[in-house]
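Take a look at the structure set out below.
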Amino acid sequence: MARPSRARPLAATGKTLARPGPFPKPGFPARRGETLRRRSKRGSPTLVGMSSEHVLDADFAPVAALMADRARAAMLTALLDGRPLAAGELARTAGVSAQTASAHLARLLDGGLVTVIKQGRWRYYRLKGAEVAQVIEALSRISPPVRVRSLRQSRDARRLHEARTCYDHLAGGAGVALFAALLDGGMIEPDGGETYAVTEKGEERLEALGLDLAAVRKARRRFAWHCLDWTERRPHLNGALGAAVTERMIEVGWF
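Under the UniProt record's numbering, the residues of the sequence shown are numbered 1 to 255, in order.
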């Protein structure tokens, strides 16, 4: 997987965020395997068993099958930082021939996991969107680590932990430190659940950095939220704000 090569170390605070989600109201216990549906006419919620009829309203088996192949998984991981890569680069990453890589990429393209960018006679591939990256990150958190068999793999693993981009936002140790600095420095604050709002202090600091927060808020995605980093097991900043801060940090040469 490609990653920033000139990352400057950031001072991590070591603090983690533990914010509980909303608690169920007293008097409405739900047993395992059940969820709350809309209220009945009498005002009481109706318990609905979570059978396949309700849970599997989306057929994710074909998508899971696409990701289950090791070569395709390696290609998707290489594209996780958001940069478009040529088929040859992805073939080398996956350790397969150009012909085999072409077949894998065709399946990923048909499955809606990647998209292709054409520049003249060249074709470059990238993830279809941030949602695909989030799925890969989530799967990485529950997957066993890859066995390190060489010094190069060891160096790559260390760099992944230090700093990387997850599609369009900073991740790894640097991403966790950035989120902690913004939160502990009073520049962002919880806005309910996993979302965050920029404080008055944050507005001043981020605009001084060169961010156009008005434009960032107009992005067609969640403004700011956190997700659990798969290498650090601590949250990093995601959303439109995370992408904008990361882009600006790269522009000014911090990475």
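Glycine included, C-beta positions come from ideal geometry on N, C-alpha and C.
Here the structure is a predicted model, which means the values were calculated and not measured.
Item	Value
Expected contact under 8 Å - CB spacing of valine 216 and leucine 178 to nearest Å	Rounded, the Cβ-Cβ distance is 16 Å, inconsistent with contact.
Residues of its chain near threonine 246, where Cβ-Cβ distance is below 6 Å and the 5 sequence neighbours each way are ignored	His169 and Leu170
Contact under 9 Å by Cβ, histidine 104 with methionine 75	yes
Inter-stretch contact (C-beta, 8 Å, three-pair minimum) for the region 73–91 and the region 122–136	yes
Rounded separation between valine 63 and leucine 182 - CA only	36 Å
Element boundaries [alpha helix (DSSP H), containing leucine 76]	70–78
Rounded separation between arginine 155 and proline 190 - CA only	36 Å
Local conformation of isoleucine 117 per DSSP, three classes	strand
Proline 235 to alanine 174 span [Cα, whole Å]	11 Å
Helix, strand or coil at threonine 231 according to DSSP, with G and I counted as helix	coil
Cβ neighbours of arginine 221 in the same chain (closer than 8 Å, five flanking residues each side left out)	Ala130, Gly239 and Ala240
Proximal residues to alanine 243 (C-beta, below 7 Å), its chain only, five neighbours per side dropped	Asp168 and His169
Status (buried if at least 16 other CB within 10 Å, exposed otherwise) for threonine 100	exposed
Same chain, Cβ closer than 6 Å to arginine 233, neighbours up to 5 away in sequence not counted	none
Pick from Lys201, Glu89, Ala224 and Arg248 that is closest to glycine 210, judged by C-alpha positions	Arg248
Which of helix, strand or coil DSSP assigns to isoleucine 250	helix
Reduced DSSP secondary structure (H/G/I, E/B, other) of valine 146	coil
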